[in-house]
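So the protein sequences, as listed, match chains A and B.
Mapping of the first sequence onto my numbering: position 120 corresponds to residue 120, and the numbering continues sequentially without gaps.
Mapping of the second sequence onto my numbering: position 58 corresponds to residue 211, and the numbering continues sequentially without gaps.
We put the beta carbon where it would ideally sit given N, CA and C, even for glycine.
Just so it is clear, the structure is predicted and the values come from calculations on it, not from any experiment.
In what follows, a single structure is set out as structure tokens and then discussed.
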Amino acid sequence: MTPRKYLTLAIVILCAACGDVSLARGMKAFGAVTLANLPTLYTALLSPWTILGILLLMGFFASYLSALSWADLTYVLPATSLSYILMVLLAKFFLHEYVSIWRWLGVALIVTGVGFVAGGPEATPGAHRHNRIETVYGPVGALGEVADTGDEA
Amino acid sequence: MSHFAVWSGIAAVVVASTVGDVLQSRAMKEIGDLSLVRHSHGTWAVIRTVITNARFMIGLAFMALGFFSLLITLSWGDVSIVGPASASLTFLANALVAHIYLKENVDRRRWMAVLCVAGGVALLAR
């Protein structure tokens, strides 16, 4: 794992949690949206909090796909579940929601789960395109050579 | 709504979300490290490569299907059952399908991680 990969995972976690909280804040300000008051939804979509939430969730999706391009799904999902914990902390201290003992127990279980994958390898050897090239031809040199290679294996 | 309808809805959410996640993971594995593609061909090439990948687009459609199934199921049953059950069962289904279809090396350490996170998510949504 390189610092760039840790940074990508951190961006996934931050964008997921902050995006959801921003959306929640934006939508709560407008109350429940039903078919009867559908125009409210358009107003809610133009609120700064909702726009920020959508932008952050777009950042989440881009960094999540980037993480999937070099790591296994069974590594990325537990590793980025730290976003749930950040969401609980933001809900408590930013949205002032009540957090029950069961939720804190959930946080503890997630931390334990992340601990299990944290020390292990992020990818199954040969599962991703670039490390299939490495498996066949040895360590990859110049960055351009990798992407230019056609059907490698 | 009956228990059967609610649990059928939860099953639909789990299946659609898992198929979506797994297809997207498979697509990104085929494309390879995005930063390498970006360094050699630029950001637009990354976007074009991703959105023209059939598996990625089908995966996206299944994720949307999972999202709308969740909305419908939430209108049938209690959020305290539908939320935790669908989130944690999706975690478990993802690990199982990643092992079988994506051939990921899901060792004991990763199973423990998945079980802990699935349990934790279920508790958070209580």
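- Residue A:ILE13 holds the alpha-carbon nearest to the alpha-carbon of VAL114 of chain A among A:PRO3, A:TYR64, A:ILE13.
- One Cα belongs to PHE93 of chain A, the other to SER193 of chain B, and the distance between them is close to 43 angstroms.
- Close partners of LEU227 of chain B in chain A (Cβ separation under 8 angstroms) are lacking, with about 13 angstroms as the shortest Cβ gap.
- Between the stretch 118-132 of chain A and the stretch 253-263 of chain B there are three or more C-beta pairs closer than 8 angstroms, enough to call the two in contact.
- If you ignore the 5 residues before and after ALA127 of chain A, its C-beta comes within less than 8 angstroms of the C-beta of ASP72, all in its own chain and listed in chain order.
- Per DSSP, reduced to three states, the secondary structure at TRP104 of chain A is helical.
- Annotation: the continuous alpha helix (DSSP H) that includes LYS92 of chain A extends over 82-93.
- Here TRP70 of chain A carries a coil assignment [DSSP, helix/strand/coil].
- Under the 10 Å beta carbon count, THR43 of chain A is surrounded by fewer than 16 other beta carbons and is classified as exposed.
- Taking each of B:ALA248, B:GLY272, B:ALA251 in turn and checking the Cα distance to LEU105 of chain A, the smallest one comes out for B:GLY272.
- Close to chain A, meaning a Cβ-Cβ distance shorter than 7 angstroms, are the following residues of the stretch 176-187 of chain B: GLN177, SER178, MET181, LYS182, GLU183, ILE184, GLY185, ASP186, LEU187.
- Measuring C-alpha to C-alpha distances from THR205 of chain B to each of B:GLU183, B:ALA217, B:TRP229 identifies B:GLU183 as the nearest.
- Each of A:PHE60, A:ARG103, A:ALA91 was checked against the Cα of SER233 of chain B, and the nearest Cα belongs to A:ARG103.
- Under the three-pair Cβ rule at 8 angstroms, the stretch 62-71 of chain A does not count as touching the stretch 83-101 of chain A.
- Taking THR124 of chain A as the centre and dropping the five residues before and after it, the same chain places the C-beta of ASP72 closer than 7 angstroms to its C-beta, in chain order.
- Between the alpha carbons of LYS28 of chain A and PRO39 of chain A lies a gap of roughly 15 angstroms.
- Of the other Cβ atoms in all chains shown, fewer than 16 fall within 10 Å of the Cβ of GLY31 of chain A; this residue is therefore exposed.
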